[in-house]
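What follows is a single structure, written as structure tokens, with notes after it.
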Amino acid sequence: MSCRVLDAPQATLQELWPLAERQARAHDRPVILSCAEHCEPVDPIALFARAASHLPRVLWLVPEREEALVGLAGQRLPLQSVTSPSLPLPARLAAAWRALAQDALAEGPLPPLAVAGLAFDPADERPDPWWQPFGQGQLLLPRLLYRQQGALACRSVQAAVFPGEREPRALLTWPTSSLPTPSAAPRSVVQHELVRPDDWRRMIQHALAAIAAGDLRKVVLARARELVAADPFPLEQALRELAARYPSCTVFAIGIGETVFLGASPERLARVAHGTVATVALAGSRPRASSPEQDHRAAEELRRSDKDRHEHALVVEAIRSALAPLCTSLSIPEEPVVVSMANVHHLATPISGILHDGASVLDVVARLHPTPAVGGTPREAALAFIRQREPVPRGWYAGALGWIEASGDGEIVVGLRSGLVRSQQARLYAGCGIVADSDSVAEWAEAEAKFRPMLEALAGG
Ligand SMILES: C=C(O[C@@H]1C=C(C(=O)O)C=C[C@H]1O)C(=O)O
Numbered sequence: 001m002s003c004r005v006l007d008a009p010q011a012t013l014q015e016l017w018p019l020a021e022r023q024a025r026a027h028d029r030p031v032i033l034s035c036a037e038h039c040e041p042v043d044p045i046a047l048f049a050r051a052a053s054h055l056p057r058v059l060w061l062v063p064e065r066e067e068a069l070v071g072l073a074g075q076r077l078p079l080q081s082v083t084s085p086s087l088p089l090p091a092r093l094a095a096a097w098r099a100l101a102q103d104a105l106a107e108g109p110l111p112p113l114a115v116a117g118l119a120f121d122p123a124d125e126r127p128d129p130w131w132q133p134f135g136q137g138q139l140l141l142p143r144l145l146y147r148q149q150g151a152l153a154c155r156s157v158q159a160a161v162f163p164g165e166r167e168p169r170a171l172l173t174w175p176t177s178s179l180p181t182p183s184a185a186p187r188s189v190v191q192h193e194l195v196r197p198d199d200w201r202r203m204i205q206h207a208l209a210a211i212a213a214g215d216l217r218k219v220v221l222a223r224a225r226e227l228v229a230a231d232p233f234p235l236e237q238a239l240r241e242l243a244a245r246y247p248s249c250t251v252f253a254i255g256i257g258e259t260v261f262l263g264a265s266p267e268r269l270a271r272v273a274h275g276t277v278a279t280v281a282l283a284g285s286r287p288r289a290s291s292p293e294q295d296h297r298a299a300e301e302l303r304r305s306d307k308d309r310h311e312h313a314l315v316v317e318a319i320r321s322a323l324a325p326l327c328t329s330l331s332i333p334e335e336p337v338v339v340s341m342a343n344v345h346h347l348a349t350p351i352s353g354i355l356h357d358g359a360s361v362l363d364v365v366a367r368l369h370p371t372p373a374v375g376g377t378p379r380e381a382a383l384a385f386i387r388q389r390e391p392v393p394r395g396w397y398a399g400a401l402g403w404i405e406a407s408g409d410g411e412i413v414v415g416l417r418s419g420l421v422r423s424q425q426a427r428l429y430a431g432c433g434i435v436a437d438s439d440s441v442a443e444w445a446e447a448e449a450k451f452r453p454m455l456e457a458l459a460g461g
């Protein structure tokens with residue numbers, strides 16, 4: 001037994017442990033235990049960035065909505081004991097959480113919460129050492145969880161208690177969060193295209209040929225770029241840059257061992273709250289221009305472009321047919337709007353619906369992911385095309401990541417404007433939708449603009 005003075009959630013966890021363990025034995029499966037309390041708000045980026053790198057760690061931040069979540073340490077929840085391996089992985093994650101959360105034991109102001117991450121294409125089995133620690137998808141139950149909404153902050157301690165596990169294996173204490181580190185000067189970084197301009201042109205030619213032959217209507221193709229710096233990339237500073245420049249986006253980071261996947265995603269895949277679902281069709285883009293007149297013209301051109309409207313409409317239709325069986329009603333505006341971030345304009349159609357009883361955010365993801373905003377249409381043909389033609393496996397880039405509560409409410413975004421960092425090396429991704437009228441030079445420039453958030457955050461400038 002430890003003689004350390006425990007904080008209230010840790011003490012409650014210890015008290016409730018024997019009850020959870022008995023329940024676990026009775027059901028012959030792990031029981032989730034979660035104990036929470038209100039706390040003083042802390043700096044979520046500092047909390048994430050200061051965590052020891054041997055712990056799995058997660059950050060989720062929407063600056064404009066003042067929402068933050070940090071998970072430190074934790075367990076990968078078992079899928080095999082609670083779901084059938086014949087289900088596709090997204091549906092398996094949904095079923096596993098439903099089974100495990102239904103008889104969770106919880107105390108205090110935060111419900112039990114898991115973090116979910118899913119590769120873009122779990123059927124892409126090409127090995128890649130960069131993505132190896134992440135696997136094809138997982139549900140992680142953070143051991144220490146911090147959550148903030150506006151001025152309200154809570155923290156909890158969670159565990160999955162297994163049959164026969166009589167007491168917690170380790171007690172973890174909250175790191176004391178300190179002041180942000182001062183920002184460093186822009187660093188010298190060597191960049192290397194993993195998809196060179198010639199490769200890109202060829203990939204797009206193949207895509208256009210498949211579209212002309214009627215095999216595909218749209219396919220999203222991605223570039224990848226490697227960065228090497230003289231010293232380790234400063235993660236904390238990069239996250240602060242992303243949060244400051246992209247306040248409407250979801251800034252995320254998932255660290256497993258020395259590798260961190262991070263980004264600032266503009267694309268919500270699904271938010272489920274109190275029986276409603278909200279998502280967005282986001283497709284059709286223009287880089288921002290430097291002069292206000294040119295920038296306005298770029299946005300107007302995007303709004304009127306037949307090519308982009310077609311590319312966008314394919315996403316709206318796919319979302320409509322994926323959500324219809326889950327919803328009693330769906331609301332889809334007739335016309336997209338233009339939404340603008342620091343780097344690009346996008347065509348966006350916000351979509352919402354009333355869910356049939358009991359559908360969780362992961363049930364919604366299992367039907368939506370990957371949408372043609374990041375995959376293509378028809379889905380299977382587009383995924384096969386990407387597997388065959390894109391030289392760099394996507395891993396969790398353009399995958400689905402977010403959080404889910406015991407009730408099934410939660411939010412999942414698409415892992416875009418993102419990359420992997422490991423010490424002084426990084427790999428970034430950016431892609432574009434290809435339809436019949438796409439031009440490889442314009443698509444190269446569009447992808448370049450989509451690299452910008454991560455390039456600026458890591459290399460400055
Ligand atoms: C694929 C990416 O973005 C996606 C593709 C878009 C497009 O082709 O217009 C727009 C938004 C995203 O759904 C990316 O950022 O890498």
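Residue numbers (the UniProt record's numbering): 1 to 461.
By construction, the Cβ of each residue, glycine as well, lies at the ideal position given by its N, Cα and C atoms.
Model, not experiment: these values are computed from the prediction.
Query - Limits of the beta strand (DSSP E) - the one that V414 falls within - result: 410-414
Report task. In the DSSP assignment, find the beta strand (DSSP E) that holds E67 and state where it starts and stops. Result -> 67-76
Query - Check: G431 C-beta below 6 Å from any heavy atom of ligand 1 - result: yes
Report task. Could you check which residue in A51, L47, S34 has the C-alpha nearest to that of G257? Result -> A51
Query - Of the listed residues S265, A91, R22, G117, nearest to R57 (C-alpha basis) - result: G117
**Report entry** Beta carbon of residue 478 nearer than 7 Å to that of A273
**Finding:** Here the chain covers residues 1 to 461 and nothing more, so residue 478 does not appear.
Query raised in the report: How is C3 classed by DSSP in three states: helix, strand or coil?
Result: With a pLDDT of 41 at C3, under the threshold of 50, the modelled position of that residue is not reliable, and no figure is offered here.
Query - For K218, the residue or residues it bridges with in DSSP - result: T377
Query raised in the report: With DSSP run on the structure shown, which of helix, strand or coil describes E167?
Result: coil
Query raised in the report: In angstroms, rounded to a whole number, what distance separates the CA positions of S340 and G419?
Result: 21 Å
Report task. Please confirm whether any heavy atom of ligand 1 lies closer than 6 Å to the CB of K218. Result -> no
Report task. Could you name the residues that DSSP lists as bridge partners for G137? Result -> L118
Requested in this report: Counting only the same chain and skipping the five closest in sequence on each side, list residues whose C-beta sits under 6 Å from that of P247.
Outcome: P63, E64
Requested in this report: Find the nearest neighbour of T349 within the set P266, E448, V42, judged by alpha-carbon distance.
Outcome: P266
Report task. Kindly indicate which residue of A270, A8, F252, V190 has the alpha-carbon position closest to the one of D231. Result -> V190
Requested in this report: Would you mind sorting Q148 into buried or exposed? The rule is 16 or more other CB atoms within 10 Å of its CB.
Outcome: buried
**Report entry** For F451, the nearest candidate out of A436, G433, S440, L428 (CA to CA)
**Finding:** L428
Query - Backbone secondary structure at L362 - three-state DSSP - result: helix
Query raised in the report: In whole angstroms, what is the alpha-carbon distance linking M1 and W174?
Result: With a pLDDT of only 37 at M1, under 50, the local geometry of the prediction cannot be trusted, and the value read off the model is given with reservation. Taking the straight line joining both Cα atoms gives about 19 Å.
Query - Top-ranked residue by Cα proximity to V421, from A281, E236, A406, A222 - result: E236
Query raised in the report: Would you call the CB atoms of L113 and W403 closer than 7 Å?
Result: yes
Query raised in the report: In chain order, what residues of the same chain lie with their CB nearer than 6 Å to the CB of A104, ignoring the 5 residues before and after it?
Result: I32, P112, A406
**Report entry** beta-carbon G263 near ligand 1 non-hydrogen atom, thresh 6 Å
**Finding:** no
Query raised in the report: Looking only at C-alpha atoms, which of P133, R143, D128, G108 sits nearest to V115?
Result: R143
Report task. Report whether the distance from the Cβ of A373 to the nearest heavy atom of ligand 1 is below 6 Å. Result -> yes
Query raised in the report: Apart from the five residues on each side of it in sequence, which residues of its chain come closer than 6 Å, Cβ to Cβ, to P133?
Result: I256, G257, T259
**Report entry** Outcome for V361 when other beta-carbon atoms lying within 10 angstroms are tallied against a minimum of 16
**Finding:** buried
Query raised in the report: CB-CB under 7 Å to H310, same chain, minus the five flanking residues each way: which ones, in chain order?
Result: V435
Query raised in the report: CB-CB under 6 Å to V70, same chain, minus the five flanking residues each way: which ones, in chain order?
Result: P44, L47, F48, L59, Y146
**Report entry** Outcome for L19 when other beta-carbon atoms lying within 10 angstroms are tallied against a minimum of 16
**Finding:** exposed
Report task. Note the first and the last residue of the continuous alpha helix (DSSP H) segment covering A8. Result -> 8-27
Query raised in the report: Nearest-angstrom Cα distance between D121 and H27?
Result: 33 Å
Query raised in the report: Cβ of S12 within 7 Å of Cβ of K218?
Result: For clarity, residue 12 is Thr in the given sequence; the question names Ser instead. Not a contact, by the Cβ cut-off of 7 Å.
Query raised in the report: For L79, which three-state DSSP category applies?
Result: coil
Query raised in the report: In chain order, what residues of the same chain have a beta carbon less than 7 Å from the beta carbon of A151, not counting five sequence neighbours either side?
Result: P41
Query raised in the report: If we count the other Cβ atoms within 10 Å of its Cβ and call it buried at 16 or more, is L455 buried or exposed?
Result: buried
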